[in-house]
Amino acid sequence: MATPTDAEIASIAAEYSLPPALLLGIVHQEGASAGFGLTDATLGAYNLSITQLQSDPLMALTVAARTLAQTFQQTGSWDSALSVYLTGNADAWQSPTSPIGGKVTAILGSAALNPSFGLSRSFTPSDAKLFSSGSTSFAKQLEQMSTSGGITQQTVTSYQQAAAQISTQPFVASANMQQVAADILTAAKLPVTDANVAVIDTMAKGEGMPLGDFNWLATTQGQGKDINSVGVKAFGTYQEGIDATAATLLNGNYGSLVGLMGQGVDLKTIASNPGVQANLRTWQGGSNEDVGLLGGLANVPGTAPSATAKAAPKTANLTAQMVPNPAAVGEFAQQLQAANIDPQEFTANFPNLAAVRRQLLSAKRTSVSDYADVSNALQAQGQGVSQAGIVATVRGQPHPNYPNVTAGAFADTFGTAMLHSVMHTRQVPTNGEVARLVGLDNKEISTYYQQKAAAKSPAAQPQSSAGKIAQLGRTS
Amino acid sequence: MSLTAQEKQQAMAWWLRLPGKRGVNIPEGEYDKIYPVAAGIALGVGVRQPHPRQLQWLHDNQITEPADIHAAFAGLPHPNAPNVTVGAYPQYAKAYQTYQQHSK
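If you're matching them up, the sequences are chains E and W in order.
In the numbering used here, each number is its position in the first sequence, counted from 1, plus 70.
In the numbering used here, each number is its position in the second sequence, counted from 1, plus 151.
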């Protein structure tokens with residue numbers, strides 16, 4: 071059977087609103103079989119024979135795409151959809167005794183070789199909602215595959231960005247817009263502050279432009295193609311859109327807005343400025359929409375550059391947390407192996423250790439070697455690593471600042487000292503004081519603070535220096 | 152450009168020496184059983200198709216059941232993560248994520 075071209079695959083994928091890479095995955099993995107792996111039941115439903123499909127690969131691929139789109143709508147996930155596509159059974163891919171799981175993964179894996187395949191500006195799915203849903207599910211699938219270490223964060227992120235640029239839907243508030251705003255501000259040589267990002271973001275919401283036109287603020291400047299009678303452009307590339315928008319901001323018609331943005335003032339100052347409001351009305355051809363939208367926002371600081379605006383989109387940050395770099399995992403594995411630490415045991419217990427160390431040792435960081443120390447200490451006592459064991463071990467460690475007392479004894483004494491100190495002296499105990507009180511019981515600590523309060527009272531008589539308690543009071 | 156008869160013969164001999172060919176080195180039915188599972192693993196782990204030598208090795212060792220193929224791949228070094236086998240990678244990746252989340 072002749073193989074369809076890339077353009078044909080993308081075209082058919084658009085017709086059925088599928089991520090084109092998935093259809094390409096089917097062609098690559100099932101292309102050798104007659105009818106792209108379609109079941110006899112499916113072929114029967116279309117009243118088609120294998121012979122007919124063999125002689126007409128485009129018809130075969132069209133049937134495949136239509137079937138896949140239908141099965142995705144039925145199941146909501148690509149592994150189940152492919153399972154239905156290949157067998158008629160949504161759960162077949164999960165059976166450990168069937169090769170279907172491998173076939174499904176192979177198609178998805180093949181799609182993951184080039185997930186952004188076919189997502190050019192000309193790609194226009196017929197059903198925007200279905201494409202969006204399928205695209206989101208495919209991105210999740212890529213993230214799941216990343217747990218095996220073959221897909222990198224960059225792959226997932228670049229797919230998400232490519233899919234987001236498909237001009238199928240009106241503008242929706244998107245974490246990507248923060249990056250766009252930061253790039254526009256940078257191109258206009260304006261500071262990237264939370265307030266300035268919020269202004270650009272709000273103006274984009276007011277315009278409601280499709281993301282794929284790369285003209286978020288609906289400028290009429292630049293070399294793009296006119297998309298309406300007013301001359302609003304659609305730009306061919308992201309950078310063209312950024313440059314044209316920055317040039318528009320700086321064309322002299324928006325002096326108040328640019329001036330305040332350049333000063334790095336807060337959002338309220340920008341939004342309430344009459345000159346800015348006039349500029350925004352000019353931008354929107356007389357409409358007050360942007361003025362209203364900006365006025366309705368909570369204030370945002372202007373001076374401190376926002377980490378989120380400068381960094382990659384939030385979705386990418388989230389992905390970075392979910393998709394570890396395999397090379398980094400390899401290096402980390404070496405640390406665990408060198409310390410003879412089981413990864414599953416580490417995953418189960420490390421959060422407890424970090425929390426206990428933060429609480430008892432004021433530790434800002436917990437390392438693999440900290441975990442190894444606790445694990446070894448417990449093993450020496452013939453115990454495995456457990457929450458109780460972690461707490462007991464850390465409690466028994468020397469306090470970082472008062473090594474003559476244990477962290478556990480310090481924490482216990484601190485609680486008691488706090489109670490009596492506040493009650494009698496209305497002051498929080500100092501750490502040095504607490505360290506000296508370790509070893510005294512509740513009554514002795516109470517007596518100590520009573521004497522301390524009396525000593526500070528103007529009417530009080532000097533206290534006897536006899537006994538441990540008085541000695542502690544004198545040295546405090 | 153066309154090949155001489157001798158060149159054609161040499162090319163054919165070279166091709167025949169390559170392992171893992173469906174219907175040549177590995178019977179079609181067995182290849183169709185092995186390949187999808189192996190491809191599912193290899194594409195997921197390394198974003199690459201299984202190597203013909205891997206397919207041939209699985210066939211030569213009569214490893215054709217999905218669970219056995221998974222077990223065979225599980226012991227291989229992970230192509231992108233040094234010090235880790237394919238089978239152990241998910242556990243180490245989870246441990247690494249836990250470490251990143253809680254160490255500071």
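Heads up, the beta-carbon is just placed ideally off N, CA and C, and yes, glycines get one too.
What you are looking at is a predicted structure, and each value in this text was computed from that prediction instead of being measured.
Anticipated Cβ contact below 8 Å, residue i with residue j, distance rounded
i, j, result
"L337/E", "N369/E", "5 Å"
"A257/E", "I312/E", "5 Å"
"V464/E", "L431/E", "7 Å"
"Q230/E", "A198/E", "In fact, because the Cβ distance is near 16 Å, the residues do not count as touching under 8 Å."
"G188/E", "H229/W", "With a Cβ gap of about 30 Å, G188/E and H229/W do not count as contacting."
"D161/E", "Q211/E", "With a Cβ gap of about 17 Å, D161/E and Q211/E do not count as contacting."
"A190/W", "P201/W", "6 Å"
"S254/W", "R435/E", "6 Å"
Secondary structure of residue i, DSSP reduced to three states
i, result
"A433/E", "coil"
"K526/E", "helix"
"P170/W", "coil"
"T315/E", "helix"
"P468/E", "strand"
"K295/E", "strand"
"P344/E", "helix"
"K303/E", "strand"
"P127/E", "helix"
"T272/E", "helix"
"P195/E", "coil"
"T75/E", "coil"
"P90/E", "helix"
"P228/W", "strand"
"T109/E", "coil"
"T121/E", "helix"
"S202/E", "helix"
"T290/E", "coil"
"T236/W", "strand"
"P473/E", "coil"
"A258/E", "coil"
"Y519/E", "helix"
"T500/E", "coil"
"H202/W", "coil"
Chain-ordered chain E contacts of residue i [CB-CB under 7 Å]
i, result
"M210/W", "Residue identity check: residue 210/W is His in the sequence provided, not Met. Per Cβ cutoff of 7 Å: no residues; H210/W is ~14 Å from chain E at best."
"G144/W", "Outside the shown range of chain W, which is 152 to 255, sits residue 144/W, and nothing can be said about it."
"K184/W", "P169"
"P187/W", "P169, G172, K173 and A176"
Amino acids of chain W, ordered along the chain, whose beta-carbon sits closer than 8 Å to that of residue i
i, result
"K434/E", "K255"
"K303/E", "Those do not exist, as K303/E stays about 38 Å from chain W at its closest Cβ, beyond 8 Å."
"G547/E", "The structure shown does not extend to residue 547/E, since chain E is modelled only from 71 through 546, so no value can be given for it."
"A424/E", "H253 and S254"
"P413/E", "A239, Q242, Y243, K245 and A246"
Chain-ordered neighbours of residue i on chain E, where CB pairs are closer than 8 Å
i, result
"N176/W", "Simply none; closest approach about 16 Å."
"T249/W", "F416, T417, F420 and P421"
Limits of the alpha helix (DSSP H) - the one that residue i falls within
i, result
"F284/E", "From DSSP, F284/E is part of no alpha helix (DSSP H); its letter is neither H nor E."
"Y243/W", "Y240 to H253"
"E216/W", "Run containing E216/W: none; DSSP gives neither H nor E here."
"Y186/W", "E179 to G197"
"K173/E", "I170 to L183"
"W163/E", "Where W163/E is concerned, there is no enclosing alpha helix (DSSP H), given that its DSSP letter is neither H nor E."
"A450/E", "V438 to A450"
"T495/E", "A477 to T495"
"F187/E", "Element bounds for F187/E: n/a, residue is neither H nor E."
"T155/W", "Neither: T155/W is in no alpha helix (DSSP H) and is coded neither H nor E."
"S357/E", "Element bounds for S357/E: n/a, residue is neither H nor E."
"T263/E", "No alpha helix (DSSP H) holds T263/E; DSSP gives it neither H nor E."
"A233/E", "Q223 to A234"
"T217/E", "From DSSP, T217/E is part of no alpha helix (DSSP H); its letter is neither H nor E."
"D336/E", "Neither: D336/E is in no alpha helix (DSSP H) and is coded neither H nor E."
Proximity test, residue i beta-carbon vs the ligand SAH heavy atom, cut-off 7 Å
i, result
"L448/E", "Here there are no bound small molecules, and the ligand SAH is not part of this structure."
Per-residue contacts from residue i into chain A (C-beta, under 9 Å)
i, result
"P203/W", "Judged by its chain identifiers, the structure shown contains no chain A, and its protein chains are E and W."
Contact list for residue i against chain W, beta-carbon separation under 7 Å
i, result
"P394/E", "A244, Y247 and Q248"
Using a Cβ cut-off of 8 Å, which residues of the segment 396-410 of chain E contact any Cβ in chain W, in chain order? Residues P396, A397, A398, V399, G400, E401, F402, A403, Q404, L406 and Q407.
Name the residues in the segment 220-252 of chain W whose C-beta lies less than 9 Å from a C-beta of chain E; which are they? Of all residues in the segment 220-252 of chain W, those with a C-beta nearer than 9 Å to a C-beta of chain E are I220, H221, H229, P230, N231, A232, P233, N234, V235, V237, A239, Y240, P241, Q242, Y243, A244, K245, A246, Y247, Q248, T249, Y250, Q251 and Q252, reading in chain order.
Below 8 Å between beta carbons is the criterion; list the residues of the segment 80-100 of chain E that meet it against any residue of chain W, in chain order. Considering only beta carbons, the part of the segment 80-100 of chain E lying closer than 8 Å to chain W consists of Q99, in chain order.
Could you run through the segment 153-177 of chain E and flag, in chain order, every residue whose CB is less than 9 Å away from some CB of chain W? Residues S165, P166, T167, S168, P169, I170, G171, G172, K173, V174, T175, A176 and I177.
Members of the segment 206-232 of chain E that neighbour chain W once the beta carbon cut-off is set at 7 Å: Those would be M215, T217, S218, G219, G220 and I221, in chain order.
If the cut-off is 9 Å on Cβ atoms, which residues from the segment 477-494 of chain E count as contacting chain W, listed in chain order? Considering only beta carbons, no part of the segment 477-494 of chain E lies closer than 9 Å to chain W.
Using a Cβ-Cβ cut-off of less than 7 Å, give me the residues of the segment 159-175 of chain W that come near chain E, in sequence order. From the segment 159-175 of chain W, no residue has a Cβ closer than 7 Å to chain E.
Short of 8 Å Cβ to Cβ, which residues in the segment 437-470 of chain E face chain W? Those would be S437 and V438, in chain order.
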